Structures are given as structure tokens and as C-alpha cells.
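Visitor: Take this structure first; my questions come after.
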Amino acid sequence: MQNPTHLLLVSSPGLGHLIPVIELGKRFALHHNFKVTILAVTSQTSRVETQILNSVLTSSLCHIIDIPSPDLTALVAENDAVFTRLCVTMREAKPAIRSILSEITPRPSALIVDVFSTEAIQIARELKIMNYVFVASHAWMLALVLYSPVLDEVVEGQYVDQKEPLKIPGCNPVRPEDVFDPMLDRNDRQYKEYLAIANGILQSDGVLVNTWEELQRKDLEALNEGGLLSKELDMKIPVHGVGPIVRQPELDTSSLTHSLMTWLDKQSSESVVYVSFGSGGTLSFEQMRELAWGLELSEQRFIWVVRAPSRRNYGCSVFHHVGNSQFDEMVKYLPEGFVSRIHKVGLLVPDWAQQVTILGHRSIGGFLSHCGWGSTLESVTNGVPLLAWPLYAEQRMNATLVAEELGVAVRPRVLPTKKVVRREEIAEMVREVIIENRVGERMKEVQRSGMKASSEGGSSYVSLTQLARTIGG
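Just so we're aligned, residue 27 is where the sequence shown starts under the working numbering, counting upward by one.
Spelled out as C-alpha cells, the structure:
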């Protein structure tokens, strides 16, 4: 019998990076009978990360090689951004990646890396292995990243100080306040790392992006042969829309998930708002209290994944995972008497919950989310309208995309990273989604288009099949 095609994927630390890479690997294993190995550089601080890796091993669909995060003590400063830390982590992991890529059997036919691992492309080229970059976000964000070296040359001063939106050939312009985190300060180390990633992506044999043709036709056309952006950058590589790639619900027998599902079973259809800021998002103490008051004021039912506040107006805890937060500890950050007043209408969950399982329940009618692209797609694939609350990374772009272009979200009048959103506005947003169903029908349309794209014969299914044929030879 002929050996199956062997595919290697590389993931950087953080659930938002690991989960899409695992799910992409599963697609190749299930639909194309590939042998899939995932090189996961892990943070070693996240209980959830460990659980997810263990569940993959149990499923036997993919083989996991866990590469512990290198010691960054002498390589990054205490105040270096998460983006910088991720880039340095993956640079330091290169010797381990090279060793595995050189020695593993059977010899891999292709390597797929995430955006923080683009320096590994050179290793694959030296070993004459096909190589691709998987962008777990959307095509508009990819367009901004690839065009940033040009913007770096033509834009004077800080991007956030520009009076006009930043133009990208063939795509919608990007408002200065919506730029990707590394672009907020051009003097910061993360900006230089970011520009290097943009150039690194173009060295690959192609890009896979977690979107689909019907969702972002204009951006995908701009990025591919004959498109305005492709011409401007003299791009020689194809960009494949392969989404929506999201985590699938798993059988979870934990007492927490069981109690959440039991409670949801008792609620009316589409009557509950789910509140979560992803695996790394945190709010300030003041914003956390306003959110509590807003949920109470809305008089709607809710499940809120609560996490200790950050010292800033918002935060990201990819490298400092809260983990095992205790309920009693969370309560002290909430308004006095809040827990007893809401006990019939709301549930508080410390730190983390089975999000995909919750979003798939018929009682969920809205998702107040940080708009990480993974969470956004989980909402879309379950047809759940969004209340957009962007915090970091490319989430401001995501919020603009879902609220203004796609029309599947409501959002605060001012960015939550700029100003505390007050309780009255929060309550108003919740009521708009749950009672008025303002964006519900449009979300159902987008849900259907995503399901069609990833079904047999759909645009993403065909795109991934063609890529699998190229890799399989």
C-alpha cells in the first residue's frame, strides 16, 4: 500500500492559534486521508491548552509533538508586547522545528505554519519541502499585513494620527483607530517583527486564510492573480479561502458543562446572551463593574465567563493564563449584592467555558465577544448575533467587518479600548440583539453561506481539495 501523504503543521502558543491549526489538520486527515503531525509550541501555563492537546491525541486524527516554550528571560523586556513575545518564541523554537522536519518519517510532503512561524519557511525551502502559511484570521486583515511594508514607506508619522483611512488596493480602507496592534506604535519592537512577517508570508508557496469566497469575495480577488493588491505587490503565490474552520463540539462530561446545559435547557429559544472575551481577554476593574450593571439593567438572561480584571483598561493574558480562577475570588470584583440579585437570570463561570457547546444551544440569542476571529466564526457557524467588544490584536478590524460590512453585529459607539462603555449603553445593546433581533436574520444568511462553502462542492471545500491534490502530488 502507498504511504499516506504526510503533512506537518506548526502552531505558536495561545488557544486562538492552536485551535485553528488543529482543526485545519483534522480537515486534511478526515477529508484527504493525510497523515498529520502538529508541532505545537505550548505556553505550559494553560490548563485548557493541555486538555485540547490531550483530546486530539485521544481522537488519533493527528499526531502531536509538544515543543515547550523557550526561556525568553534574556531575549525580551518585561514590557514587550505579546506579539513580540510570540515572534521571539517561534524564532527560538526554530532549531527544534528544523530537527523534527529533517528527521521525521515519512518525509513530509508539505509544511504549513501560522503567521508567527514564517521564519520556518526558509527551513522547508532548504529541505525542498512545499510550504504554506495558514492565516487563522480573514482576508481583509491579511491584505493589511501584506500591504504594510508599502504603507511603511509612504505614510509619515504614526498610523493612529492619520486623518484619512489607510487605502489598500482592491480592498476597503482601514480606519487609523482600527489598525492591527503592532501598527499602533511604529517605534515599538513589535512593529519591526510585524513587517518581517509580512515579507515572510510572501516567501511561501501559498496562503490559506480562514474565510470563504462568498464572505470576502472582493478581498480574495484583490489578493489573487490579476487582483489589484496582487499586482501592486507583484505576488507570485495563490491565496486560498478555506474557512470557516472552527472547533467542533466535543463530548464534555464535566459537572460545569452539565450544569450550564441543564440551565440553558430551561430557557426560551434565543433568550440568553453569552459573554466571553476569549482565552486571553481581560477588562479593567471599572469596565467589569459597568458590564455587570449593564447586564443586570438589560433584564435579559446571561452566562458570563468572568476573569480577574487587568490593571489597564483592557488586557491580553496569552502568556499569563489566569487558570483555575475560583468563584469566590471573582465575586469581589463585582458590584455588591450583584450575585444574589441575578441568581435567577444569570450564571457566572470563572475563567473558561466550553464555548462551542454553549453557542450551539438553542437558548443562546447573542454573543458579547472580544471578536477574536475564532470566536467570531464560532458565532457565525451557530447563527448567533454578535455584540462586538474588540480588545487587542486585529479585533478592532474584526468588529468593523462584522458590524459595518457584514451587518451581523451591534457595537458600542466608542471603542472599549478608548473609553469605558457605560451600563446604559451595554443594556441597550443586549436588548437590541435579544428583544429586537436587529441582526439575527442577517446572521442566519451568513451562517448558511459558511455551511455551503465548507460542504462538498462549496468554494472552501473545492479550494482545500485542490490544495490537497497539489501537496499529494
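Note that the Cβ used here is the ideal one computed from N, Cα and C, for glycine as well. Model, not experiment: these values are computed from the prediction.
Going by DSSP, name the residue or residues bridged to Ser81.
Guide: For Ser81, which the question treats as bridged, DSSP gives no partner whatsoever.
Visitor: What is the DSSP secondary structure of Val348, counted as helix, strand or coil?
Guide: Below a pLDDT of 50, predicted positions are generally treated as unreliable, and Val348, at 39, falls in that range; the measurement from the model is reported next regardless. Here Val348 sits in coil by DSSP.
Visitor: Over the uninterrupted beta strand (DSSP E) stretch that includes Tyr158, give me the two end residues.
Guide: Run containing Tyr158: Met156 to Val161, per the beta strand (DSSP E) assignment.
Visitor: The alpha helix (DSSP H) that contains Leu98, what's its start and end?
Guide: Segment: none, Leu98 is in no alpha helix (DSSP H) and carries neither H nor E.
Visitor: Does Val179 pass the burial test, meaning 16 or more other C-beta atoms within 10 Å, or should it be called exposed?
Guide: Reading the sequence as shown, one finds Glu at residue 179 and not Val. With fewer than 16 other Cβ atoms within 10 Å, it is exposed.
Visitor: According to DSSP, simplified to helix, strand and coil, what is Val200?
Guide: strand
Visitor: Which residues in the same chain as Leu427 place their Cβ atom closer than 7 Å to its Cβ, once the five residues preceding and following it in sequence are excluded?
Guide: In its chain, beyond the 5 residues on either side, His164 and Trp166 have a beta carbon closer than 7 Å to the beta carbon of Leu427.
Visitor: For Asp97 and Leu323, I'd like the C-alpha separation in whole angstroms.
Guide: 46 Å
Visitor: Looking at Val331: is its Cβ nearer than 7 Å to the Cβ of Val375?
Guide: Cβ distance < 7 Å, so Val331 and Val375 count as in contact.
Visitor: Taking 7 Å as the limit between beta carbons, can you name the residues of its chain near Ser489, skipping five residues before and five after?
Guide: These residues qualify, in order along the chain: His266, Gly267 and Val268.
Visitor: Beta-carbon separation of Gly392 and Leu413 under 7 Å?
Guide: yes
Visitor: Look at the alpha carbon of Asp214 and the alpha carbon of Pro208, and state the distance between them as a whole number of angstroms.
Guide: A straight-line Cα-Cα distance of about 8 Å links Asp214 and Pro208.
Visitor: Nearest-angstrom Cα distance between Val188 and Leu282?
Guide: Here the sequence assigns Gln to residue 188, which means Val is not the residue at that position. Roughly 48 Å between the two C-alpha positions.
Visitor: For the 8 Å Cβ check, are there 3 or more pairs between the stretch 147-164 and the stretch 123-139?
Guide: yes
Visitor: For Gly51, which three-state DSSP category applies?
Guide: helix
Visitor: Cβ of Ile452 within 7 Å of Cβ of Gly320?
Guide: yes
Visitor: Using the C-alpha atoms, what's the distance from Leu394 back to Arg439?
Guide: Roughly 15 Å between the two C-alpha positions.
Visitor: So is Leu242 buried or exposed if we call it buried at 16+ other beta carbons inside 10 Å?
Guide: For the sequence presented, residue 242 should be read as Gln rather than Leu. Buried, because 16 or more other Cβ atoms sit within 10 Å of the Cβ of Gln242.
Visitor: Grouping DSSP H, G and I as helix and E and B as strand, with all else coil, what is Lys61?
Guide: strand
Visitor: How far does the alpha helix (DSSP H) with Ile138 in it extend, from its first residue to its last?
Guide: Not the alpha helix (DSSP H): Ile138 falls in the beta strand (DSSP E), residues Ala136 to Asp140.
Visitor: Once the 5 residues before and after Arg388 are set aside, which same chain residues still bring their CB inside 6 Å of it?
Guide: Ser295
Visitor: Taking Gly386 as the reference, give the member of Gly398, Leu44 and Pro411 with the closest Cα.
Guide: Pro411
Visitor: By how many angstroms is the C-alpha of Asn408 removed from the C-alpha of Pro275?
Guide: Taking the straight line from one Cα to the other gives about 11 Å.
Visitor: Could you say which of Ser485, Ser480, Gly433 and Val472 lies nearest to Val465 if we only look at CA atoms?
Guide: Gly433
Visitor: Helix, strand or coil: how does DSSP classify Ser295 here?
Guide: coil
Visitor: Unbroken alpha helix (DSSP H) runs of length 4 or more, entirely within the stretch 202-249: which are they?
Guide: 215-227 and 243-249
Visitor: Note down, in chain order, each residue of its chain lying with its Cβ closer than 6 Å to the Cβ of Leu34, except the 5 sequence neighbours on either side.
Guide: Thr63, Pro134 and Leu137
Visitor: Exposed or buried, what is Gln421 when buried is set at 16 or more other beta-carbons lying within 10 Å of its beta-carbon?
Guide: buried
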